[in-house]
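Working notes for the structure below.
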Amino acid sequence: MTSKLETGYLLNDQVKFSTLSGDFNPVHTEFKYAKRSMWGGVVVHGIHQVLSVIELFISRKNIRFFLSKIHVEFLIPLIVDTRTHVVFKEDQKNVVASIVSTDGVTYTDINFLYEEAPSNYKFVKNVKNGVYKNSLPKELSIDQVSISENSINLVLNYKLLQELFPNIVNNFPYSQIAIILSSTQIVGMHCPGKDSIFSKLDMYFEGYKNINLKKIDYKVKKIHSFFKLVDTVGYGDGFKYTIRSFFRPKSQRQMHIKG
(Lines of atoms letter the chains of each structure in order from A; the text may use other names.)
(Lines give C-alpha, C1' and ligand atoms only; values in the text may rest on other atoms or scores of the structure.)
Protein backbone atom coordinates (compact mmCIF):
# COMPACT_ATOMS: atom_id res chain seq x y z
CA MET A 255 0.00 0.00 0.00
CA THR A 256 1.30 3.46 -0.93
CA SER A 257 0.21 6.77 0.59
CA LYS A 258 1.40 10.39 0.69
CA LEU A 259 1.34 13.00 3.48
CA GLU A 260 2.55 16.61 3.45
CA THR A 261 5.19 17.79 5.87
CA GLY A 262 7.41 20.84 6.46
CA TYR A 263 10.08 22.27 8.76
CA LEU A 264 10.38 25.79 10.18
CA LEU A 265 13.42 27.48 11.75
CA ASN A 266 11.63 27.83 15.11
CA ASP A 267 11.04 24.07 15.18
CA GLN A 268 14.73 23.54 14.42
CA VAL A 269 15.69 25.53 17.53
CA LYS A 270 13.31 23.46 19.66
CA PHE A 271 14.64 20.23 18.17
CA SER A 272 18.22 21.27 18.99
CA THR A 273 17.23 21.61 22.64
CA LEU A 274 15.42 18.27 22.56
CA SER A 275 18.30 16.39 20.93
CA GLY A 276 21.34 18.23 22.30
CA ASP A 277 22.57 18.86 18.73
CA PHE A 278 23.22 22.61 18.60
CA ASN A 279 25.30 22.56 15.44
CA PRO A 280 24.89 26.07 13.95
CA VAL A 281 24.22 24.73 10.45
CA HIS A 282 20.81 23.69 11.84
CA THR A 283 19.88 26.86 13.72
CA GLU A 284 21.92 29.94 12.73
CA PHE A 285 20.93 31.58 9.45
CA LYS A 286 24.11 33.64 8.95
CA TYR A 287 26.41 30.68 9.61
CA ALA A 288 24.34 28.26 7.51
CA LYS A 289 24.11 30.76 4.64
CA ARG A 290 27.89 30.57 4.31
CA SER A 291 27.95 26.78 4.37
CA MET A 292 28.18 24.61 1.25
CA TRP A 293 24.36 24.34 1.25
CA GLY A 294 23.56 28.03 1.52
CA GLY A 295 20.81 27.70 4.10
CA VAL A 296 19.69 26.24 7.43
CA VAL A 297 19.64 22.45 7.16
CA VAL A 298 16.95 20.37 8.86
CA HIS A 299 18.41 17.80 11.28
CA GLY A 300 18.25 14.39 9.65
CA ILE A 301 16.90 12.86 12.86
CA HIS A 302 14.24 15.59 13.02
CA GLN A 303 13.07 14.22 9.68
CA VAL A 304 13.13 10.64 10.98
CA LEU A 305 11.00 11.38 14.03
CA SER A 306 8.63 13.49 11.90
CA VAL A 307 8.08 10.48 9.65
CA ILE A 308 7.34 8.27 12.66
CA GLU A 309 4.99 10.98 13.95
CA LEU A 310 3.11 11.02 10.63
CA PHE A 311 3.00 7.25 10.48
CA ILE A 312 1.44 7.02 13.96
CA SER A 313 -1.13 9.73 13.14
CA ARG A 314 -2.12 7.98 9.92
CA LYS A 315 -2.27 4.43 11.28
CA ASN A 316 -3.45 5.29 14.81
CA ILE A 317 -1.25 2.59 16.33
CA ARG A 318 1.22 2.13 19.16
CA PHE A 319 4.44 0.33 18.29
CA PHE A 320 8.09 -0.55 18.90
CA LEU A 321 10.89 -0.45 16.36
CA SER A 322 12.92 -3.58 15.79
CA LYS A 323 15.24 -1.95 13.26
CA ILE A 324 15.56 1.20 11.17
CA HIS A 325 17.77 2.12 8.22
CA VAL A 326 18.11 5.75 7.08
CA GLU A 327 19.98 7.38 4.21
CA PHE A 328 20.25 11.17 4.12
CA LEU A 329 20.65 11.73 0.38
CA ILE A 330 20.42 15.52 -0.01
CA PRO A 331 20.39 18.18 2.75
CA LEU A 332 16.87 19.53 3.33
CA ILE A 333 16.68 23.30 3.80
CA VAL A 334 14.06 24.78 6.16
CA ASP A 335 10.83 26.07 4.59
CA THR A 336 11.17 23.63 1.67
CA ARG A 337 7.77 22.20 0.78
CA THR A 338 7.88 18.42 1.05
CA HIS A 339 5.71 15.36 1.43
CA VAL A 340 6.31 11.85 2.72
CA VAL A 341 5.60 8.84 0.52
CA PHE A 342 4.87 5.67 2.52
CA LYS A 343 5.05 2.14 1.12
CA GLU A 344 4.02 -0.70 3.44
CA ASP A 345 4.36 -4.46 3.32
CA GLN A 346 3.20 -6.17 6.51
CA LYS A 347 5.25 -4.55 9.31
CA ASN A 348 7.92 -3.23 6.96
CA VAL A 349 7.66 0.46 6.05
CA VAL A 350 9.60 2.40 3.44
CA ALA A 351 9.22 6.19 3.59
CA SER A 352 10.77 8.89 1.43
CA ILE A 353 10.80 12.64 2.06
CA VAL A 354 10.27 14.22 -1.35
CA SER A 355 10.01 17.81 -2.62
CA THR A 356 7.09 19.06 -4.69
CA ASP A 357 9.27 18.78 -7.81
CA GLY A 358 10.22 15.17 -7.10
CA VAL A 359 13.62 15.48 -5.39
CA THR A 360 14.16 12.77 -2.73
CA TYR A 361 15.97 14.08 0.35
CA THR A 362 15.79 11.17 2.76
CA ASP A 363 14.94 7.45 2.57
CA ILE A 364 13.79 5.67 5.73
CA ASN A 365 13.07 1.95 6.10
CA PHE A 366 11.85 0.53 9.41
CA LEU A 367 10.45 -2.71 10.77
CA TYR A 368 8.01 -2.46 13.66
CA GLU A 369 5.88 -4.49 16.04
CA GLU A 370 2.56 -3.27 17.41
CA ALA A 371 2.35 -2.83 21.18
CA PRO A 372 -0.33 -4.74 23.13
CA SER A 373 -3.40 -2.60 23.84
CA ASN A 374 -2.71 -2.64 27.60
CA TYR A 375 1.01 -1.85 27.29
CA LYS A 376 2.17 1.36 28.98
CA PHE A 377 5.14 3.26 27.63
CA VAL A 378 7.13 4.27 30.72
CA LYS A 379 8.97 7.62 30.97
CA ASN A 380 12.24 5.87 31.73
CA VAL A 381 14.66 8.55 30.53
CA LYS A 382 15.62 11.35 32.92
CA ASN A 383 13.53 14.49 32.35
CA GLY A 384 15.84 17.40 31.59
CA VAL A 385 17.13 19.97 29.12
CA TYR A 386 20.37 20.01 27.17
CA LYS A 387 22.23 23.28 27.63
CA ASN A 388 23.17 25.11 24.46
CA SER A 389 26.85 24.48 23.84
CA LEU A 390 29.43 24.69 21.06
CA PRO A 391 30.20 21.61 18.96
CA LYS A 392 33.73 20.24 18.81
CA GLU A 393 35.84 21.44 15.88
CA LEU A 394 37.90 18.40 14.93
CA SER A 395 39.94 17.58 11.85
CA ILE A 396 39.95 14.08 10.37
CA ASP A 397 43.42 13.60 11.89
CA GLN A 398 42.09 14.41 15.37
CA VAL A 399 39.43 11.68 15.31
CA SER A 400 40.61 8.71 17.33
CA ILE A 401 39.36 5.14 17.60
CA SER A 402 38.45 5.32 21.28
CA GLU A 403 35.36 4.80 23.43
CA ASN A 404 33.28 7.74 24.68
CA SER A 405 29.79 8.31 26.07
CA ILE A 406 27.09 10.97 26.27
CA ASN A 407 24.61 11.42 29.09
CA LEU A 408 20.93 11.30 28.14
CA VAL A 409 17.98 13.44 29.15
CA LEU A 410 14.59 13.84 27.49
CA ASN A 411 12.51 17.01 27.68
CA TYR A 412 8.98 15.63 27.76
CA LYS A 413 7.36 19.05 27.33
CA LEU A 414 9.31 19.76 24.13
CA LEU A 415 8.64 16.23 22.92
CA GLN A 416 4.91 16.85 23.32
CA GLU A 417 5.17 20.13 21.38
CA LEU A 418 7.12 18.72 18.46
CA PHE A 419 5.74 15.19 18.26
CA PRO A 420 2.32 14.95 19.98
CA ASN A 421 1.44 11.63 18.33
CA ILE A 422 4.70 9.97 19.36
CA VAL A 423 4.02 10.68 23.04
CA ASN A 424 2.33 7.64 24.67
CA ASN A 425 2.48 5.69 21.39
CA PHE A 426 6.20 4.97 21.01
CA PRO A 427 8.90 3.93 23.53
CA TYR A 428 10.65 6.85 25.22
CA SER A 429 13.85 4.80 25.39
CA GLN A 430 13.85 4.38 21.60
CA ILE A 431 13.20 8.10 21.13
CA ALA A 432 16.23 8.94 23.29
CA ILE A 433 18.42 6.41 21.48
CA ILE A 434 17.44 7.80 18.07
CA LEU A 435 18.05 11.37 19.26
CA SER A 436 21.50 10.47 20.58
CA SER A 437 22.78 9.75 17.08
CA THR A 438 22.40 13.37 15.91
CA GLN A 439 24.12 14.67 19.05
CA ILE A 440 27.08 12.36 18.47
CA VAL A 441 27.51 13.49 14.86
CA GLY A 442 26.72 17.19 15.22
CA MET A 443 28.46 17.89 18.52
CA HIS A 444 31.15 15.28 19.12
CA CYS A 445 32.35 13.29 16.12
CA PRO A 446 32.91 14.72 13.56
CA GLY A 447 31.34 17.73 15.33
CA LYS A 448 30.88 21.19 13.84
CA ASP A 449 31.91 20.41 10.25
CA SER A 450 29.91 17.21 9.87
CA ILE A 451 27.53 15.55 7.43
CA PHE A 452 25.22 12.81 8.72
CA SER A 453 25.01 10.31 5.86
CA LYS A 454 23.57 7.00 7.05
CA LEU A 455 22.09 5.30 10.13
CA ASP A 456 21.49 1.61 10.87
CA MET A 457 19.85 0.85 14.22
CA TYR A 458 18.82 -2.49 15.75
CA PHE A 459 16.83 -3.24 18.89
CA GLU A 460 16.89 -6.59 20.71
CA GLY A 461 13.37 -7.23 21.93
CA TYR A 462 10.90 -4.56 22.94
CA LYS A 463 11.63 -3.92 26.58
CA ASN A 464 11.67 -0.44 28.09
CA ILE A 465 15.34 0.26 28.76
CA ASN A 466 16.35 2.52 31.65
CA LEU A 467 18.82 4.80 29.92
CA LYS A 468 21.37 7.10 31.50
CA LYS A 469 24.00 7.24 28.77
CA ILE A 470 24.99 6.06 25.31
CA ASP A 471 28.42 4.54 24.74
CA TYR A 472 29.98 5.07 21.34
CA LYS A 473 33.27 4.49 19.59
CA VAL A 474 34.77 5.21 16.19
CA LYS A 475 34.95 2.02 14.17
CA LYS A 476 36.49 3.24 10.92
CA ILE A 477 38.26 6.35 9.61
CA HIS A 478 38.99 6.99 5.94
CA SER A 479 41.15 10.10 5.61
CA PHE A 480 40.95 10.43 1.82
CA PHE A 481 37.13 10.41 1.75
CA LYS A 482 36.91 12.20 5.12
CA LEU A 483 34.62 9.40 6.30
CA VAL A 484 33.93 8.29 9.86
CA ASP A 485 31.94 5.20 10.91
CA THR A 486 30.79 5.31 14.54
CA VAL A 487 29.07 2.64 16.62
CA GLY A 488 26.62 3.46 19.43
CA TYR A 489 25.52 0.75 21.83
CA GLY A 490 23.93 -0.13 25.14
CA ASP A 491 21.59 -2.60 26.80
CA GLY A 492 19.28 -3.97 24.09
CA PHE A 493 20.39 -1.88 21.12
CA LYS A 494 23.21 -1.10 18.72
CA TYR A 495 23.59 1.35 15.87
CA THR A 496 26.09 2.41 13.22
CA ILE A 497 26.48 5.96 11.94
CA ARG A 498 28.25 6.95 8.74
CA SER A 499 29.29 10.60 8.64
CA PHE A 500 31.64 12.82 6.69
CA PHE A 501 33.61 16.00 7.25
CA ARG A 502 32.24 18.89 5.19
CA PRO A 503 34.16 21.98 4.02
CA LYS A 504 34.16 24.75 6.61
CA SER A 505 31.76 27.67 6.21
CA GLN A 506 33.37 30.56 4.36
CA ARG A 507 33.73 34.09 5.71
CA GLN A 508 32.50 36.79 3.35
CA MET A 509 35.10 39.32 2.22
CA HIS A 510 34.69 42.82 3.63
CA ILE A 511 33.41 45.40 1.15
CA LYS A 512 36.67 47.33 1.61
CA GLY A 513 38.69 44.27 0.60
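Quick note: the sequence shown uses my numbering, first residue 255, plus one each step. Cβ atoms here follow ideal geometry from the backbone N, Cα and C, with glycine treated the same way.
Counted as a single uninterrupted DSSP element, the stretch harbouring residue 351 is not any alpha helix (DSSP H) but the beta strand (DSSP E) occupying residues 348-355. In the DSSP assignment, residue 470 falls within the unbroken beta strand (DSSP E) covering 469-478. Annotation: the continuous beta strand (DSSP E) that includes residue 485 extends over 483-490. Check the Cα spacing between residue 344 and each of 334, 336 and 368: the tightest is with 368. Per DSSP, reduced to three states, the secondary structure at residue 266 is helical.
For residue 360, the beta-bridge partners assigned by DSSP are 354. In this structure, the alpha-carbon of residue 404 lies about 10 Å from that of residue 444. The criterion of a C-beta distance shorter than 8 Å is satisfied by residue 472 and residue 440.
A straight line joining the alpha-carbon of residue 316 with that of residue 392 spans about 40 Å. DSSP assignment within the stretch 358-418 yields the following whole alpha helix (DSSP H) runs of 4 residues or more, N-terminal first: 412-418. Counting C-beta atoms within 10 angstroms of its own C-beta, residue 356 has fewer than 16 neighbours from the protein chains shown and is therefore classed as exposed. Judged by DSSP in its simplified three-state form, residue 330 adopts coil rather than helix or strand. Assignment of residue 295 by DSSP, reduced to helix, strand and coil, places it in the coil class. In this chain, the alpha helix (DSSP H) harbouring residue 438 covers 428-439.
By the neighbour-count definition (other C-beta atoms within 10 Å, threshold 16), residue 353 is a buried residue. Out of 320, 274, 275 and 324, the CA that lies nearest to the CA of residue 454 is found in 324. Here residue 501 is bridged, per DSSP, to 450.
Straight through space, the alpha carbons of residue 430 and residue 383 are spaced by roughly 15 Å. Checking the DSSP bridge columns, you'll see residue 456 partnered with 325 and 496. Residue pairing by DSSP places residue 285 in no beta bridge whatsoever.
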